[in-house]
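Trainee: Take a look at this one; I'll ask things after.
What follows is the structure in structure tokens.
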């Protein structure tokens, strides 16, 4: 399955750091303590993904699908989310489920607005019924007033519930986006089909459901946005520190003092080269 880099990149950093920390126990105590201090990197603010859009667009199911059900989201046919809910995804990403836009209560929209202002990535969800006047108004508020177009992905959910003629959905998205039509990507998916696939016991049927859901395309597009915006650069420094500490640890384990000195210099030069390339 496709991983979201917003989640998998910091997970790799954490895993490598923990494994290296354990291996440092093979070194003399003072050397291990020195290298462990080098592993401590200033904490980066966690990425925040915010879901907004129509109240019936399946935002909560999208969160379940994006996290492979790691997020415990309440699914209800009524307006289940009457407040902003922040889901801590493995301590690595904040996934924010907002009240449905125009859900009938003024405070719903106010809560959604506050969450959107702090978003690193916005998923704007609509159903196959596409846009009404109020959802178009809200979408343009996100792109124009909040200036979130570079961080926005339009998601047409529940796509398997209704077949559309070729080009109909694309035209609707472009019309709704207006002047931002060439800047904001869009995808269509069926999050419920994906979640159903996770529970399917027969492997081939599970694979068919997951592929039919098109959630892989959603994740790939999110990853592309993250790469293009450089959001993943925040994890470069801790990875560089892991590489440097690993190199110095290898040098510290060398039997020959001259060999140890050479390995230490090489480790630092490797880190410097990585920094310049980054």
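Numbering (our numbering), first residue to last: 1090 to 1367. For each residue, glycine too, the CB sits at the ideal point set by N, CA and C.
What residues match up with residue 1142 in a beta bridge as DSSP calls it?
Mentor: DSSP output for residue 1142 lists 1214 as bridge partner(s).
Trainee: Taking the DSSP output, what are the residues bridged to residue 1083?
Mentor: For the chain, the structure presents residues 1090 to 1367; residue 1083 sits outside this window and is missing.
Trainee: Of the residues 1096, 1097, 1092, 1108, which one's Cα is nearest the Cα of residue 1332?
Mentor: Among 1096, 1097, 1092, 1108, the Cα nearest to that of residue 1332 is on 1108.
Trainee: How about residue 1147 and residue 1214: are their beta carbons less than 9 Å apart?
Mentor: Cβ atoms of residue 1147 and residue 1214: closer than 9 Å.
Trainee: Locate the alpha helix (DSSP H) running through residue 1128, then write down its first and last residues.
Mentor: 1118–1128 is the extent of the alpha helix (DSSP H) around residue 1128.
Trainee: Within the same chain, show all residues whose beta-carbon is closer than 8 Å to that of residue 1102, passing over the 5 residues directly before and after it, in chain order.
Mentor: Contacts found: 1324, 1327, 1328, 1331.
Trainee: Taking 9 Å as the cut-off, decide whether the C-beta atoms of residue 1250 and residue 1216 are in contact.
Mentor: Contact flag set, yes.
Trainee: Exposed or buried, residue 1240, counting other C-beta atoms within 10 Å across all chains shown (16 or more means buried)?
Mentor: Residue 1240 is buried by the Cβ-count criterion.
Trainee: What residues are listed by DSSP as bridge partners for residue 1176?
Mentor: Answer is 1184.
Trainee: Express the C-alpha separation of residue 1106 and residue 1245 in angstroms, rounding to a whole number.
Mentor: Roughly 38 Å separates the two Cα atoms.
Trainee: Report the residue from 1124, 1218, 1097, 1309 whose alpha carbon sits nearest the alpha carbon of residue 1181.
Mentor: For the residues 1124, 1218, 1097, 1309, the minimum Cα distance to residue 1181 belongs to 1097.
Trainee: I'd like to check one pair, residue 1257 with residue 1140: are the Cβ atoms closer than 9 Å?
Mentor: Against a cut-off of 9 Å, the Cβ pair of residue 1257 and residue 1140 comes out as no contact.
Trainee: Taking all protein chains shown into account, do 16 or more other C-beta atoms lie within 10 angstroms of the C-beta of residue 1094, making it buried, or fewer, making it exposed?
Mentor: With 16 or more Cβ atoms within 10 Å of its Cβ, residue 1094 is classed as buried.
Trainee: Please state whether the Cβ-Cβ distance between residue 1150 and residue 1178 is less than 9 Å.
Mentor: Result no, Cβ atoms of residue 1150 and residue 1178 do not sit closer than 9 Å.
Trainee: Is residue 1101 helix, strand or coil when you go by DSSP?
Mentor: Reduced to three states, the DSSP call for residue 1101 is helix.
Trainee: Alpha carbon to alpha carbon, what distance is there between residue 1092 and residue 1309?
Mentor: Going from the Cα of residue 1309 to the Cα of residue 1092 covers about 8 Å.
Trainee: Report buried or exposed for residue 1115, applying the criterion of at least 16 other Cβ atoms within 10 angstroms of its Cβ.
Mentor: So residue 1115 ends up on the exposed side.
Trainee: If I'm right that residue 1261 touches residue 1220 with Cβ under 8 Å, what's the distance once you round it to whole angstroms?
Mentor: Confirmed, Cβ separation roughly 6 Å.
Trainee: Within a Cβ cutoff of 7 Å, which residues of the same chain sit near residue 1312, ignoring the five residues on either side of it in sequence?
Mentor: Excluding residues within five positions, the ones whose Cβ falls inside 7 Å are 1093, 1094.
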